[in-house]
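*Asks:* Take a look at this one; I'll ask things after.
2 protein chains.
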Amino acid sequence: MNIPQRTLMGPGPSDVPARILEALARPTIGHLDPVFLKIMDGIRGKLQQVFRTKNEMTLAMSGTGSAGMETVFANLVEPGDKVLVAINGVFGSRMADVADRYGAAVEKIETRWGTAFDQQSILDAIARTNPKIVAIVHAETSTGVRQDVDRIGAAVREKNALFILDCVTSLAGIPVDIDNWSVDAAYSGTQKCLSCPPGLSPVTLSDRAVARLLARKSKVKNWYLDLSLIKQYWGQERFYHHTAPINMLYALNEALDMILEEGLPVRFERHAAMHSLLRQGLEKLGCAYVSQEGHHLPMLNAVAVPPGREDATIRRRLLEDYSIEIGGGLGDFKGKAWRIGLMGYGASRKNVTLLLAALAAVL
Amino acid sequence: MNIPQRTLMGPGPSDVPARILEALARPTIGHLDPVFLKIMDGIRGKLQQVFRTKNEMTLAMSGTGSAGMETVFANLVEPGDKVLVAINGVFGSRMADVADRYGAAVEKIETRWGTAFDQQSILDAIARTNPKIVAIVHAETSTGVRQDVDRIGAAVREKNALFILDCVTSLAGIPVDIDNWSVDAAYSGTQKCLSCPPGLSPVTLSDRAVARLLARKSKVKNWYLDLSLIKQYWGQERFYHHTAPINMLYALNEALDMILEEGLPVRFERHAAMHSLLRQGLEKLGCAYVSQEGHHLPMLNAVAVPPGREDATIRRRLLEDYSIEIGGGLGDFKGKAWRIGLMGYGASRKNVTLLLAALAAVL
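The listed protein sequences derive, respectively, from chains E and C. Numbers 53 to 415, taken from my numbering, label the letters of the first sequence in order. Numbers 53 to 415, taken from my numbering, label the letters of the second sequence in order.
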């Protein structure tokens, strides 16, 4: 097994620092070992800081970011529940698909790929549809768009509904403020701005969401992700559910330490500054952003493939000649856009400079 | 994070050799990187050898062993399908619970904890109930019992049903023979006899099972584990589904290499020999097996806590004074039995000798 040293500037996984890889490789211990249980408690506390929440039910699910999405819908949807999903890219569509599989009556509102919703249009849809759940993607990884959501939570609570927010790409790269935004369920992935390998999904549920879960009329239709069982393992009972991915949790613990050592405000500024630097360079090279002005994600830069250039050829040359990975487009943007990641540890002057120089040479 | 060096002799996770931890810590690369896709193809081929199958759909699911269980039921059960489950411990009960959540009409047959089923009783139940699926645990981790299954497959096929086999604890420790036993769906976990950290679940489906999956009337009620989507990523299409747990797959690849270098027959003999050695020692110490004679699992030795001894105290002393982990009992055996693992790399003379000496001192 001959693994090259890439510079990962796609939509994730992102570059993982040596310190986190070292943590990953520490000796495996048991999932009920007192030492491990203490690490789990530490992870909860650090995740609470990163999500900016006091939610007791804050943990890492044993799957990738998509498992986090599945977790919140599996646990919070009962058959027939009306779920309002805002769709402006792949991950909004995926939320609708997942909710549908758990029997939701899905109501969709859509806006063009590359644009964000005006919050008022979401508020209007909430008023019109009376949903039990409102689901929104904070950072749409397929289009590089940031969705403002600070006005949503109050309206959702007024309807006695729950607010689900997809923070897979946003967490630890731009401000995420679960409690102040009155978010009831959020999830992320380790392989984006947390700078960890893929394999875990941090999830947080408000007390209102937990109450909904515990008041379900039917069992959660997913044993592996059933939080009513899993909370007995992450909680004081320490009741065995499934064997936790021990080493991945070491890595997440170390990644969270690095984030809190840097400090969230400094980290957000770094992402913003590296994004500005990258943007200036990309625009000089004729790569225009496909995401709406004022809503660019610093960690996921979606730009048009310059006219007359072939997407796959250029990405292959970056990979083969420079060992740099950038992402291709998904869905509507397939073959038309690149997704350039500046995530966590990878949001560095070194990476920006290298990519711009390589891209200039290849173009 | 101060991780002690344990000797893991519980029901899993088991000791992970340095070579596999080193593989785990190699640089993360992208899930669509050609180098990584080649590793995935290699893993499929090696898993086919270890499962002894030609099944094209052989892969590693992005979750722990329980996710493998969930995968086969989520994909193969449609609402109303009759599923016959043989239960003689925790994991049989779990299969029934999971099948029920996907809408199965579950038929249970049970035998006493610690005993195996007479195969004829399973055949009789198949004849009586006409199931669409028959689900059996090969190695019951809660009781240390091996279930013979060589006569089941033919009867299942005669009914045009599917045969699901739980190989979480058996794979790579005792013979597993998917094709010769006409098993249609099997799953395992990386943290037992594969000697890898927990986090992945090897799964294999026969062409008959795949045909059933592709002929479903309804979508799989689990997006994350939907094999009709995931096969487009593991197959030639390489269509993005979710971000694979890259580093965990490095570790699995290395673990499979180590298994095939040793050779399966040699590995099975080693497990059997170490089990004999352990057994002699345990019986001298007054620890009687709670599993049925002739059906002991070499990798999971379930023995009664000697009369007058307190389970938790002794396990705590082993952990604190000797850094050895053994497992407590589950369910019916809670507080009454220990589960002593000799799994994969950990099935060694060194571990047996150490445990027997420590146990003698503590008792």
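From the three backbone atoms N, C-alpha and C, an ideal C-beta is built for every residue, glycine too.
#1: Give a yes or no on whether 8 Å exceeds the smallest Cβ distance from residue 163 (chain E) to chain C.
#2: Inspect the CB distances between the region 256–276 of chain C and the region 79–89 of chain C and report whether three or more fall short of 8 Å.
#3: Based on DSSP bridge pairs, tell me the residues matched to residue 390 (chain C).
#4: Under three-state DSSP, which class holds residue 178 (chain C)?
#5: Any Cβ of chain E within less than 8 Å of the Cβ of residue 275 (chain C)?
#6: Looking only at DSSP bridge pairs, what is residue 136 (chain C) linked to?
#7: Give, in chain order, every residue of the region 235–251 of chain E whose Cβ lies closer than 8 Å to some Cβ of chain C.
#8: Using the C-alpha atoms, what's the distance from residue 137 (chain C) back to residue 383 (chain E)?
#9: Nearest to residue 127 (chain C) by CA position, among C:75, C:238 and C:161, is which residue?
#10: What separation, rounded to the nearest whole angstrom, lies between the Cα atoms of residue 72 (chain E) and residue 348 (chain E)?
#11: For the putative contact between residue 134 (chain C) and residue 108 (chain C), defined by C-beta atoms under 8 Å, what is the C-beta separation to the nearest angstrom?
#12: Mind listing the chain C neighbours of residue 57 (chain E)? Cutoff is C-beta to C-beta under 9 Å, in chain order.
#13: Give me the Cα-Cα distance between residue 99 (chain E) and residue 125 (chain E), rounded to the nearest whole angstrom.
#14: Please go through the same chain and pick out, in chain order, the residues whose beta-carbon is closer than 6 Å to the beta-carbon of residue 278 (chain C), but skip the five residues on each side of it.
#15: Mapping the DSSP letters down to three states, classify residue 110 (chain E) as helix, strand or coil.
#16: Which chain C residues are close to residue 295 (chain E), counting only those with a beta carbon under 8 Å from its beta carbon?
#17: Check whether the Cβ of residue 60 (chain E) lies closer than 8 Å to any Cβ atom in chain C.
#18: By DSSP, does residue 84 (chain E) sit in helix, in strand, or in coil?
#19: Name the chain C residues whose beta carbon is nearer than 9 Å to that of residue 68 (chain E)?
#20: Can you say whether residue 103 (chain C) is buried or exposed, counting buried as having 16 or more other CB atoms within 10 angstroms of its CB?
#21: Rounded to whole angstroms, what is the Cα-Cα separation between residue 416 (chain C) and residue 357 (chain C)?
#22: Applying a beta-carbon distance threshold of less than 7 Å, which residues of chain E neighbour residue 305 (chain C)?
#23: Between the region 187–211 of chain E and chain C, which residues of the former have CB atoms less than 7 Å from a CB of the latter, in chain order?
#24: Between residue 191 (chain E) and the ligand SAM, is there a pair consisting of the residue's CB and a ligand heavy atom that are separated by less than 7 Å?
#25: Please check if any C-beta of chain C sits within less than 8 Å of the C-beta of residue 184 (chain E).
#26: Contact check, residue 344 (chain C) vs residue 168 (chain C) under 8 Å by CB: the rounded distance?
#27: Between which two residues does the alpha helix (DSSP H) carrying residue 126 (chain C) extend?
#28: According to DSSP, is residue 265 (chain C) part of a helix, a strand, or is it coil?
#29: Determine the chain E residues that contact residue 122 (chain C) at a beta-carbon separation under 8 Å, and present them in chain order.
#30: Kindly give me the distance between the Cβ atoms of residue 195 (chain E) and residue 324 (chain E), rounded to whole angstroms, as I take these residues to be in contact under 8 Å.
#31: Please confirm whether residue 40 (chain E) and residue 255 (chain E) have their CB atoms less than 8 Å apart.
#32: Residues of chain C with a CB under 7 Å from the CB of residue 257 (chain E): which are they?
#33: Going by CA-CA distance only, name the one from C:197, C:245, C:185 and C:321 that's closest to residue 205 (chain C).
#34: Since residue 326 (chain C) and residue 400 (chain C) should fall inside the 8 Å C-beta cutoff, what is the C-beta to C-beta distance between them, to a whole number of angstroms?
#35: Which of the three DSSP states, helix, strand or coil, is assigned to residue 365 (chain C)?
#36: Take residue 375 (chain E) and list the residues in its own chain whose beta-carbon comes closer than 7 Å to its own, dropping the five residues that flank it on each side.
*Replies:* Considering the structure as presented:
#1: no
#2: no
#3: C:355 and C:380
#4: helix
#5: yes
#6: C:159 and C:186
#7: 241, 243, 249, 250 and 251
#8: 42 Å
#9: C:238
#10: 28 Å
#11: Between residue 108 (chain C) and residue 134 (chain C) the Cβ distance is about 27 Å, and since that is not below 8 Å, they are no contact.
#12: 79 and 81
#13: 20 Å
#14: 272
#15: strand
#16: 64, 65, 116, 117, 118, 241, 243 and 250
#17: yes
#18: coil
#19: 79, 80 and 299
#20: buried
#21: Summary: the structure shown does not reach residue 416 (chain C), with chain C confined to residues 53 through 415, and so no result is reported for it.
#22: 53
#23: none
#24: By its list of ligands, the structure shown contains no ligand whatsoever, and the ligand SAM lies outside what it can speak to.
#25: no
#26: 6 Å
#27: 117–128
#28: helix
#29: 274, 275 and 276
#30: The pair is not a contact, with the Cβ atoms about 19 Å apart (cut-off 8 Å).
#31: Nothing can be reported for residue 40 (chain E), as the shown portion of chain E is limited to 53 through 415.
#32: In chain order: nothing, as chain C lies at least about 18 Å away.
#33: C:185
#34: 7 Å
#35: helix
#36: 56, 57, 58 and 59
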